[in-house]
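S.K.:
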Amino acid sequence: MIVGLAVVLLCQLIGEIFAYLTHLPVPAPVVGLVLLFGFFLMRDRWQWLPFSLRSEEIDKTCETLVQQMALLFVPAGVGIVQRLGILEANVLGVLTIILVTTAFSITVTAFTFRFVSRWFPAPPEHQE
Amino acid sequence: MTGPGLNAMDGLWAHLSGGALLWLTLTLGVYAIADRLSLLVQRNPLANPVLHSVWVIGVILVASGTPYQTYFDGAYFIHFLLGPSTVALALPLYENRRVVMRSLVPIVAALLVGSIATIGSVIVCAAVFDLPAMITISSLPKSATSGVAMGISQSVGGDASLTAILVVATGIVGAVMATPLLNLLRIEDRRARGFAVGLAAHGVGTARAFQVHPLTGTFAGVAMSLNGLMTAVLVPLAASFLGG
Chain A
6 MIVGLAVVLL
16 CQLIGEIFAY
26 LTHLPVPAPV
36 VGLVLLFGFF
46 LMRDRWQWLP
56 FSLRSEEIDK
66 TCETLVQQMA
76 LLFVPAGVGI
86 VQRLGILEAN
96 VLGVLTIILV
106 TTAFSITVTA
116 FTFRFVSRWF
126 PAPPEHQE
Chain B
12 MTGPGLNAMD
22 GLWAHLSGGA
32 LLWLTLTLGV
42 YAIADRLSLL
52 VQRNPLANPV
62 LHSVWVIGVI
72 LVASGTPYQT
82 YFDGAYFIHF
92 LLGPSTVALA
102 LPLYENRRVV
112 MRSLVPIVAA
122 LLVGSIATIG
132 SVIVCAAVFD
142 LPAMITISSL
152 PKSATSGVAM
162 GISQSVGGDA
172 SLTAILVVAT
182 GIVGAVMATP
192 LLNLLRIEDR
202 RARGFAVGLA
212 AHGVGTARAF
222 QVHPLTGTFA
232 GVAMSLNGLM
242 TAVLVPLAAS
252 FLGG
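As you go down the protein sequences, you meet chains A and B in turn. Under the numbering used here, think of the first position of the first sequence as 6, with each following residue one higher. Under the numbering used here, think of the first position of the second sequence as 12, with each following residue one higher.
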């Protein structure tokens with residue numbers, strides 16, 4: 006758990022440093038995600054890595070974080086109590102944005118995915 | 012009620028409400044119950060645990076006269092984990108890299124079209140309802156995950172707290188409507204279903220997708236991480252277009 010969390014935090018920290026130094030509008034956690042993904046790819050080849058970095062520990066930490074992700078949105082969501090005034094004054098527009106654009110987004114994305122995957126079907130499994 | 016007893020209670024309340032212990036316990040406790048109830052009704056989308064935790068805690072804060080900032084300072088540790096949990100999405104991506112690589116073309120196409128359509132539709136809706144610029148700007152990154160969206164909002168002069176609320180509301184709405192909507196549209200491909208939910212409704216939608224099927228969840232996670240990146244590129248462009 007400790008090693009796993011340290012590795013995840015380190016990836017995010019490097020992402021933060023990267024975003025700060027390059028002034029790119031890339032969120033630090035997204036850079037961290039790419040780094041950790043690269044680490045997972047290389048891990049099996051790098052035999053010189055200490056055992057704790059090659060064990061399943063990091064995987065277990067990530068699994069827990071991903072599984073419980075919904076909980077992490079609660080504190081920010083409760084912030085609605087603070088913005089009730091501005092939301093109430095624009096209630097129709099805000100509700101439309103939240104409902105209509107989200108439904109639109111799901112629809113367009115799903116149809117694009119399906120349409121394109123029919124034109125570019127996935128190569129068969131056995132080629133892997 | 013005697014005076015000294017009340018004073019002691021007031022003192023205790025002041026002592027507890029100023030620290031993190033009470034707010035962390037409240038958040039975890041309410042969420043645990045909401046999650047349990049959602050399991051009892053077979054994960055019915057309307058029983059979304061985030062939705063019900065938010066209003067229950069909100070009512071408790073209003074009823075007890077607690078300022079949001081006091082609660083947020085206390086529950087900050089949970090909020091902080093949003094960043095690490097985004098990093099941790101590398102795991103499902105790694106574990107499913109083969110199936111993801113095989114779907115690379117539809118992924119890239121759906122990402123581009125979906126992300127632009129989402130931001131475009133927000134601009135159109137905001138114009139139709141003549142919303143104040145502050146709300147429009149703060150709504151632009153609403154489909155990206157909280158940690159990412161708040162950062163983007165801040166960098167383009169939006170209200171990060173308002174963005175956080177819109178992001179969570181979008182996530183809840185997306186998670187609740189996704190299953191019935193995608194059934195109605197007759198999208199059966201689990202990859203397409205997951206990708207759409209993850210792109211539109213980030214982590215809350217992804218959590219919902221993982222409840223349905225691991226493959227759906229994986230594509231939701233992939234869409235969420237890619238759309239975080241895409242939104243970070245597109246929103247500053249859209250904001251400068253709106254400002255200019």
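Ideal placement from N, C-alpha and C gives every residue a C-beta, glycine not left out.
1. Determine the DSSP secondary structure at B:Ser28, reduced to helix, strand or coil.
2. Nearest chain A C-beta to B:Gly262 closer than 7 Å, yes or no?
3. Within this structure, are the beta carbons of A:Gly37 and A:Gly9 separated by less than 7 Å?
4. Spell out whether any CB of chain B is found under 7 Å from the CB atom of A:Leu100.
5. Name, please, each residue of chain B whose Cβ falls closer than 8 Å to the Cβ of A:Met47.
6. A:Glu68 to A:Pro55, Cα distance in whole Å?
7. Could you compute how far the alpha carbon of B:Ser150 sits from the alpha carbon of A:Ala94?
8. Chain A partners of B:Ser172, CB-CB under 9 Å?
9. Express the C-alpha separation of B:Ile71 and A:Val83 in angstroms, rounding to a whole number.
10. Which two residues bound the contiguous alpha helix (DSSP H) that contains B:Gly254?
11. Measuring CB atoms only, is the region 202-218 of chain B touching the region 98-115 of chain A, in the sense that at least three cross pairs come out at less than 8 Å?
12. How far does the alpha helix (DSSP H) with B:Pro60 in it reach, from first residue to last?
13. Using beta carbons (cut-off 7 Å, strictly below), is A:Gln52 in contact with chain B?
14. Spatial neighbours of B:Ala234 within its chain, please: CB distance less than 6 Å, with the 5 preceding and 5 following residues excluded, ordered by chain position.
15. I'd like to know whether the C-beta atoms of A:Phe78 and B:Val61 end up nearer to each other than 7 Å.
16. Taking B:Leu193 as the reference, which of A:Ile102, A:Thr107 and A:Arg88 has the closest Cα?
17. According to DSSP, simplified to helix, strand and coil, what is A:Trp51?
18. Can you check whether the C-beta of A:Ala115 is within less than 7 Å of a C-beta belonging to chain B?
19. Measuring only the C-alpha atoms, how far is A:Pro80 from B:Thr97?
20. Which residues of chain A have a Cβ atom closer than 8 Å to the Cβ of B:Ile148, listed in chain order?
21. Indicate whether at least one CB of chain A lies closer than 7 Å to the CB of B:Pro152.
22. Alpha helix (DSSP H) containing B:Asn194: first to last residue?
23. Evaluate B:Gly182 with the Cβ neighbour count: other Cβ atoms within 10 Å of its Cβ, from every protein chain shown; 16 or more gives buried, anything less gives exposed.
24. Anything in chain A within Cβ reach of B:Ala203, meaning under 9 Å, just list it in chain order.
25. I need the boundaries of the alpha helix (DSSP H) containing B:Ile118, first residue and last residue.
26. Listing by chain order, which chain A residues have their CB less than 9 Å from the CB of B:Asp200?
27. For my contact list, B:Thr242 and B:Ala189 are in at a C-beta cut-off of 8 Å; report their separation, rounded to the angstrom.
28. Tell me whether B:Met20 is buried or exposed, calling it buried when 16 or more other Cβ atoms sit within 10 Å of its Cβ.
29. Do you know offhand how far A:Arg59's Cα is from B:Leu23's?
30. Show which residues of chain B have a CB atom less than 8 Å away from the CB atom of A:Val105.
31. Quick one: what's got a C-beta closer than 7 Å to B:Met112's C-beta in the same chain, skipping five residues either side?
32. Does the Cβ of B:Leu11 have 16 or more other Cβ atoms within 10 Å, making it buried, or fewer, making it exposed?
33. Relative to the C-alpha of B:Ser64, which residue among B:Leu35, B:Leu240 and B:Tyr105 is closest?
34. Counting contacts by CB-CB distance shorter than 7 Å, is B:Ile71 in contact with chain E?
35. Looking at C-beta atoms only, is the number of pairs between the region 89-103 of chain B and the region 24-43 of chain A that lie closer than 8 Å three or more?
36. Just to confirm before moving on: does the CB-CB distance between A:Ala115 and B:Ala203 stay below 7 Å?
M.R.: In brief:
1. The sequence position of residue 28 of chain B within the second sequence is 17, counting from 1. B:Ser28 carries a helical assignment under DSSP once its states are collapsed to helix, strand and coil.
2. Any property of residue 262 of chain B remains undetermined from this structure, which presents chain B solely from 12 to 255.
3. What you label residue 37 of chain A is simply residue 32 of the first sequence in a count that begins at 1. What you label residue 9 of chain A is simply residue 4 of the first sequence in a count that begins at 1. No, these two residues do not count as a Cβ contact at 7 Å.
4. Counting from one through the first sequence, the residue named residue 100 of chain A turns up at place 95. Output row for A:Leu100: interface = no.
5. Against the first sequence, residue 47 of chain A aligns to sequence position 42. Within chain B, no residue has its CB atom less than 8 Å from the CB of A:Met47, the nearest being about 11 Å off.
6. Translated into the one-based positions of the first sequence, residue 68 of chain A becomes position 63. Translated into the one-based positions of the first sequence, residue 55 of chain A becomes position 50. Distance between the alpha carbons of A:Glu68 and A:Pro55: 21 Å.
7. In the second sequence, residue 150 of chain B corresponds to position 139, counting from 1. In the first sequence, residue 94 of chain A corresponds to position 89, counting from 1. About 16 Å.
8. By one-based count along the second sequence, residue 172 of chain B stands at place 161. Going along chain A in sequence order, the residues near B:Ser172 (Cβ under 9 Å) are Ala81, Gly84, Gln87 and Arg88.
9. Here the question's residue 83 of chain A lines up with position 78 in the first sequence. Here the question's residue 71 of chain B lines up with position 60 in the second sequence. A:Val83 and B:Ile71: Cα-Cα distance of roughly 10 Å.
10. Here residue 254 of chain B is taken as the residue at index 243 of the second sequence, counted from 1. Here the alpha helix (DSSP H) through B:Gly254 covers Pro225 to Gly254.
11. Touching, per the Cβ criterion.
12. The sequence position of residue 60 of chain B within the second sequence is 49, counting from 1. Run containing B:Pro60: Pro60 to Ala74, per the alpha helix (DSSP H) assignment.
13. What you label residue 52 of chain A is simply residue 47 of the first sequence in a count that begins at 1. For A:Gln52, the closest Cβ of chain B is not nearer than 7 Å.
14. Your numbering for residue 234 of chain B matches position 223 in the second sequence. Counting only Cβ-Cβ distances below 6 Å, and skipping sequence neighbours, we find Phe206, Gly209 and Leu210.
15. By one-based count along the first sequence, residue 78 of chain A stands at place 73. By one-based count along the second sequence, residue 61 of chain B stands at place 50. In contact: A:Phe78 and B:Val61 (Cβ atoms closer than 7 Å).
16. As a first step, residue 193 of chain B is located in the second sequence; it is residue number 182 there, counting from the start. Checked all of A:Ile102, A:Thr107 and A:Arg88; the closest Cα to B:Leu193 is A:Thr107.
17. Walking along the first sequence from the start, residue 51 of chain A turns up at place 46. Annotated three-state conformation of A:Trp51 is coil, per DSSP.
18. Counting from 1 along the first sequence, the entry for residue 115 of chain A is found at position 110. Taking a beta-carbon distance threshold of 7 Å, A:Ala115 counts as an interface residue toward chain B.
19. Here residue 80 of chain A is taken as the residue at index 75 of the first sequence, counted from 1. Here residue 97 of chain B is taken as the residue at index 86 of the second sequence, counted from 1. Distance between A:Pro80 and B:Thr97, taken at the CA atoms: about 16 Å.
20. Position 137 of the second sequence, counting from 1, holds the residue named residue 148 of chain B. Neighbours of B:Ile148 on chain A: none; closest Cβ ~12 Å, over 8 Å.
21. Numbered from its first residue, the second sequence carries residue 152 of chain B at position 141. Taking Cβ atoms only, chain A never reaches closer than 7 Å to B:Pro152, which makes this a no.
22. Walking along the second sequence from the start, residue 194 of chain B turns up at place 183. For B:Asn194, the enclosing alpha helix (DSSP H) begins and ends at Ala171 to Leu195.
23. Along the second sequence, read from residue 1 onward, the residue named residue 182 of chain B stands at position 171. Of the residues assessed, B:Gly182 falls on the buried side of the cut-off, its CB having 16 or more other CB atoms within 10 angstroms.
24. One-based indexing of the second sequence puts residue 203 of chain B at position 192. Chain A residues near B:Ala203: Thr114, Ala115, Phe116, Thr117, Phe118, Arg119 and Ser122.
25. Along the second sequence, one-based indexing puts residue 118 of chain B at 107. Leu115 to Val139 is the extent of the alpha helix (DSSP H) around B:Ile118.
26. What you label residue 200 of chain B is simply residue 189 of the second sequence in a count that begins at 1. In chain order, Ala115, Phe118, Arg119 and Ser122 make up the part of chain A whose C-beta sits under 9 Å from the C-beta of B:Asp200.
27. Counting from 1 along the second sequence, the entry for residue 242 of chain B is found at position 231. Counting from 1 along the second sequence, the entry for residue 189 of chain B is found at position 178. Rounded, the Cβ-Cβ distance is 19 Å, inconsistent with contact.
28. Against the second sequence, residue 20 of chain B aligns to sequence position 9. When all chains shown are included, B:Met20 counts as exposed.
29. Taking the first sequence and counting its residues from 1, one reaches residue 59 of chain A at position 54. Taking the second sequence and counting its residues from 1, one reaches residue 23 of chain B at position 12. When rounded, the distance between both Cα atoms is 48 Å.
30. Locating residue 105 of chain A in the first sequence gives position 100, counting from the first residue. Here the neighbours are Ser132 and Cys136.
31. Reading the second sequence from its first residue, position 101 is the one you call residue 112 of chain B. Within the same chain, B:Met112 has no close Cβ partners at all.
32. The displayed coordinates of chain B run from 12 to 255. Any statement about residue 11 of chain B would go beyond what the structure contains.
33. Sequence index remark: in the second sequence, residue 64 of chain B carries index 53 (1-based). Nearest C-alpha to B:Ser64: B:Leu35.
34. No chain E is present in this structure, whose protein chains are A and B.
35. Yes: at least three Cβ pairs fall under 8 Å.
36. Here residue 115 of chain A is taken as the residue at index 110 of the first sequence, counted from 1. Here residue 203 of chain B is taken as the residue at index 192 of the second sequence, counted from 1. In this structure, B:Ala203 lies closer than 7 Å to A:Ala115 by Cβ.
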